[in-house]
Structure formats: C-alpha cells, structure tokens
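Reviewing the structure listed below.
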Amino acid sequence: FPPNFAPIPCKPLFFDLARERLEFPNLNDRLATPSGGQQAGGASGGWLGGWLGWGGKK
Amino acid sequence: MASSKKSGSGEPDTTGLFHDLVKFQGNGEFDKALKTCNKILNVRPKDASAFHCKMVCLIQTDKFEACLQQMDEHEAMAAALVFERAYALYRLNRSAPALAILNQKKTLNLREKELKAQVLYRMEEFEASFNLYRDIMKNTSADDDDFETERLTNLSAAAVQLDKDS
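Those protein sequences? They're chains C and A, same order as listed.
Residue 43 in my numbering is what sits at position 43 of the first sequence, and the numbering runs on without skipping anything.
Add 1000 to the 1-based position in the second sequence for my numbering, that's all there is to it.
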C-alpha cells in the first residue's frame, strides 16, 4: 500500500553569494588614453605620463 | 602626434583592449573578455591586471580546472588572487584546500569572509559558518550590496543545521 504522507525536513536554501563578488580588478589606471588629447596631455600621470615624457612630446 | 599607437619605448598600447574588457564585463560577455585578456597577455605576458581578469573570466565560464592550472603556472601573478583561487577550489568541491588558502591570510576582506562562510557550510562546520555570517551581517548594510536577504537565508540555513546537530 502507499505509505502515509509524512513530513521530512527540507534541504535549506543556500546561495552562492561569493560568486556575486567575483569581478575584474579596478582597471581605471589602464583606461587612460596615451595620446592624452583634450585634457591632461603629458601630465596624465602614472605609467602613461612616464612614456609620454620621452615619447613624441619633446 | 607621435604617441598615438606606440610610444618610443615600444610598449604596445593596450588601452583599447582594457576598455573592451570593461564593456564585456558589463554585458556579462566573459567568453569575449577571455579572448581580449589573451590578446593583452600575448603582447604583455606579465600584465598582472590582464591575468587577474583572465582568471575571473575562466571562473565565470566555469573553467575552474583551467583557472587553477594557469595560477600554478604563473605563481608570481597569481599570488595575490586568494579569493579567485579559493573560489575555484570551492566550486570543484575541494573545500579543505579552499579553507586552508583563506586561513593563510591574516585579515579577510568581506568577499573572502563570505566565501569562507560558504566553505565552512559545505564542510558542515555549521557553527563556524553561522558565526561568520553573523559577523558579516554586522559589518554590512543595505548600502553595501543587494544581498542582505540572501545572506540572511544562508545564515538561517546554517542555524537550522546547527540546531539539528545538537
């Protein structure tokens, strides 16, 4: 015969929240345009400024 | 303008490629982003940022073994990527090594704590997991992220299991 219905504990929900935190590092310092253009030009700082200094500018 | 594509030093300009990466991440296009990472690494093999992005892409596309293998091959660039390595191990059900890596760090940031709580839960260390979730919830607010509810669910899951044990 079919067994009677009985309550069983359900498996609790559990979310993978760490995955939501998986992202690229901050890339801002890699996004500056080397040609500088409108704004800072050679004074854009960081590694870009470094090679502009002895690149085409002077 | 002499400094358009290449500077005098011969460094290839990867700025455009990094812009692509940001765009691809925004759209969740991690297959495309992976190719872009490889393009950058082809011309700048020691680019730690591109390597970091590549590891994220591999995980986002469920290539956990490949991620760990790449990290083993490039120890210097992988050293700082504790979270990524531990997460890949966690997804491969290698909880003990994942926990060991997280425990090597003196202080964990929020996402590392979050991952550790999940690892502990999977290892059935429900009390430790529960306590860690409490700690995380104390130090986050609705301003920090949109996952307060889900985190509460995880805390409750740990609490329920804890209750069953005792």
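Even glycine gets a Cβ: it sits at the ideal position worked out from N, Cα and C.
Here the structure is a predicted model, which means the values were calculated and not measured.
Same chain, Cβ closer than 6 Å to residue i, neighbours up to 5 away in sequence not counted
i       : result
A/K1046 : none
A/F1051 : M1077
A/T1014 : I1040
A/C1067 : M1055, L1058, I1059, A1088
A/F1130 : A1158, A1159, L1162
Under 7 Å from the C-beta of residue i: neighbouring residues of chain C
i       : result
A/F1030 : Neighbours of A/F1030 on chain C: none; closest Cβ ~10 Å, over 7 Å.
A/Q1118 : D16, A18
A/L1021 : F24, L27
Contacts of residue i in chain C (Cβ-Cβ under 8 Å)
i       : result
A/T1015 : R30, L31, A32, T33, P34
A/E1114 : L17, A18, R21
Nearest-angstrom Cα separation, counted from residue j out to residue i
i       : j       : result
A/L1021 : C/L13   : 34 Å
A/K1054 : C/I8    : 44 Å
A/E1112 : C/F5    : 43 Å
A/A1128 : A/R1044 : 43 Å
A/E1065 : C/A32   : 34 Å
heavy atom of the ligand ATP below 7 Å from residue i C-beta
i       : result
A/C1057 : In the structure on display, the ligand ATP does not appear, and there are no ligands present to speak of.
Amino acids of chain A, ordered along the chain, whose beta-carbon sits closer than 8 Å to that of residue i
i     : result
C/P25 : S1049, H1052, C1053
Contact set for residue i: own chain, Cβ-Cβ below 8 Å, skip 5 residues either direction
i       : result
C/P2    : none
A/Q1104 : V1082
Spatial neighbours of residue i in its chain, beta-carbon cut-off 7 Å, leaving aside the 5 residues before and after
i       : result
A/R1151 : Y1133, I1136, M1137
Notebook entry, point to check: For the stretch 5-18 of chain C, which residues have a CB atom closer than 7 Å to at least one CB atom of chain A, in sequence order?
Noted result: P12, L13, F14, F15, D16, L17, A18
Note to self: Output needed in chain order: residues of the stretch 1045-1067 of chain A with a Cβ under 8 Å from some Cβ in chain B.
What the structure shows: The structure shown contains no chain B; the protein chains it does contain are C and A.
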